[in-house]
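*Asks:* Each residue of the sequence shown is one higher than the one before, counting from 35 in this note's numbering.
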Amino acid sequence: MSLEELAFLVLAAIAVGTALAALLVRELVHTILWISVFFVALSGIYFLLQADFLGILQLGVYAGAVTILLLFGVMVTRKRIFSREAATGIGPFPLALALVSIVILSGVAAGLPTQPRTVHAYSPAALSEQLFTTDGGWLVLLGLTMLSALAGAIYLVREGRE
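Okay, structure coming up:
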């Protein structure tokens, strides 16, 4: 077993484990944190597959922006996000339904014919040059906007504001 295969197995186990933890944990904020760890593990898998651009997008958009957006939404809609009143989690019936769906989809996927596909190369240098020279200012502005939205959410839900 090569080092890349071992890294893939570790990252895949982390991804599956954190996805299950996000479903089963009772606290909503903890669910969002498990989802963010899942996004980071998925980004690592993209890097192992030599899809560097997808790995960077996964880190920036999902592990960064989507996590902040979810936390922002929770903080605006729930007054006490770390209390038991914000508890979530799934019951045994939806979990059993998800497991049956996974078994059925795995059986269907195993029966599909595997045809080799041609992979078209793209130039990451040209893509990153356009992204960070032409559109770099917009990306920084977007990041600052999201940071200010998070700061506003923290201000809105802080204790003693009434």
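We treat Cβ as the ideally placed atom computed from N, Cα and C, and that holds for glycine.
Between Val108 and Val174, what straight-line distance do the alpha-carbon atoms span, to the nearest angstrom?
*Replies:* Translated into positions along the sequence shown, residue 108 becomes position 74. Translated into positions along the sequence shown, residue 174 becomes position 140. Rounded to the nearest angstrom, the two C-alpha atoms are 24 angstroms apart.
*Asks:* Terminal residues of the continuous alpha helix (DSSP H) containing Glu163?
*Replies:* Looking up residue 163 in the sequence shown gives position 129. Looking at the DSSP string, the run of the alpha helix (DSSP H) that includes Glu163 is Pro158 to Glu163.
*Asks:* Going by beta carbon distance, what residues of the same chain come within less than 6 angstroms of Val74, once the five residues before and after it are set aside?
*Replies:* Taking the first residue of the sequence shown as 1, we reach residue 74 at position 40. Taken in chain order, the residues that qualify are Ala97.
*Asks:* Applying the criterion that 16 or more other CB atoms from any shown protein chain within 10 Å of the CB defines a buried residue, is Phe127 buried or exposed?
*Replies:* For this step, residue 127 is matched to residue 93 along the sequence shown. Exposed is the call here.
*Asks:* Can you give the Cα-Cα distance for Ala132 and Phe72, rounded to whole angstroms?
*Replies:* Taking the sequence shown and counting its residues from 1, one reaches residue 132 at position 98. Taking the sequence shown and counting its residues from 1, one reaches residue 72 at position 38. If you take the alpha carbons of Ala132 and Phe72, they lie about 18 angstroms apart.
*Asks:* Measuring only the C-alpha atoms, how far is Phe106 from Ala143?
*Replies:* In the sequence shown, the residue the question calls residue 106 occupies position 72. In the sequence shown, the residue the question calls residue 143 occupies position 109. Cα to Cα, Phe106 sits roughly 37 angstroms from Ala143.
*Asks:* By Cβ distance, which residues of its chain are closer than 7 angstroms to Leu76, with the 5 residues on each side in sequence left out?
*Replies:* Reading the sequence shown from its first residue, position 42 is the one you call residue 76. Excluding positions up to five away in sequence, the list reads Ala49 and Gln92.
*Asks:* Just checking my contact of Phe42 with Leu103 at CB under 8 angstroms: how many whole Å lie between their CB atoms?
*Replies:* For the purposes of this step, residue 42 is identified with residue 8 of the sequence shown, where counting begins at 1. For the purposes of this step, residue 103 is identified with residue 69 of the sequence shown, where counting begins at 1. Wrong, their Cβ atoms sit about 29 angstroms apart, outside the cutoff.
*Asks:* Could you check the C-alpha separation between Ser164 and Ser157 for me, to the nearest Å?
*Replies:* As a first step, residue 164 must be located in the sequence shown, where it is residue number 130. As a first step, residue 157 must be located in the sequence shown, where it is residue number 123. Going by the sequence as given, residue 164 is Gln instead of Ser. Approximately 11 angstroms between the Cα atoms of the pair.
*Asks:* Using only the alpha-carbon positions, how far apart do Gly94 and Leu62 sit?
*Replies:* Here residue 94 is taken as the residue at index 60 of the sequence shown, counted from 1. Here residue 62 is taken as the residue at index 28 of the sequence shown, counted from 1. Distance between the alpha carbons of Gly94 and Leu62: 22 angstroms.
*Asks:* Express the C-alpha separation of Leu88 and Leu45 in angstroms, rounding to a whole number.
*Replies:* Indexing the sequence shown from 1 puts residue 45 at position 11. Indexing the sequence shown from 1 puts residue 88 at position 54. Distance between the alpha carbons of Leu45 and Leu88: 16 angstroms.
*Asks:* In whole angstroms, what separates the C-alpha of Ala55 from that of Val100?
*Replies:* Counting from one through the sequence shown, the residue named residue 55 turns up at place 21. Counting from one through the sequence shown, the residue named residue 100 turns up at place 66. Spanning the two alpha carbons is a distance of roughly 18 angstroms.
*Asks:* Under a Cβ-count criterion, where at least 16 other Cβ atoms within 10 Å of its own Cβ denotes burial, should Gly78 be classed as buried or exposed?
*Replies:* As a position in the sequence shown, residue 78 is number 44, starting the count at 1. When all chains shown are included, Gly78 counts as buried.
*Asks:* According to DSSP, simplified to helix, strand and coil, what is Ala120?
*Replies:* One-based indexing of the sequence shown puts residue 120 at position 86. Residue confidence is low: Ala120 scores 47 on pLDDT, short of 50, so the model does not pin down where it sits. Its coordinate-derived value is still stated next. The answer is helix: DSSP assigns Ala120 an H, G or I state.
*Asks:* Determine the direct distance from the alpha carbon of Gly171 to that of Ala120, and round the result to whole angstroms.
*Replies:* Along the sequence shown, one-based indexing puts residue 120 at 86. Along the sequence shown, one-based indexing puts residue 171 at 137. Only weak support exists for where Ala120 lies, its pLDDT of 47 falling under 50; the coordinates are left without a value.
*Asks:* By the 10 Å Cβ neighbour count, where 16 or more other Cβ atoms means buried, how is Thr148 classified, buried or exposed?
*Replies:* Residue numbering aside, residue 148 sits at position 114 when the sequence shown is read from its first letter. So Thr148 counts as exposed.
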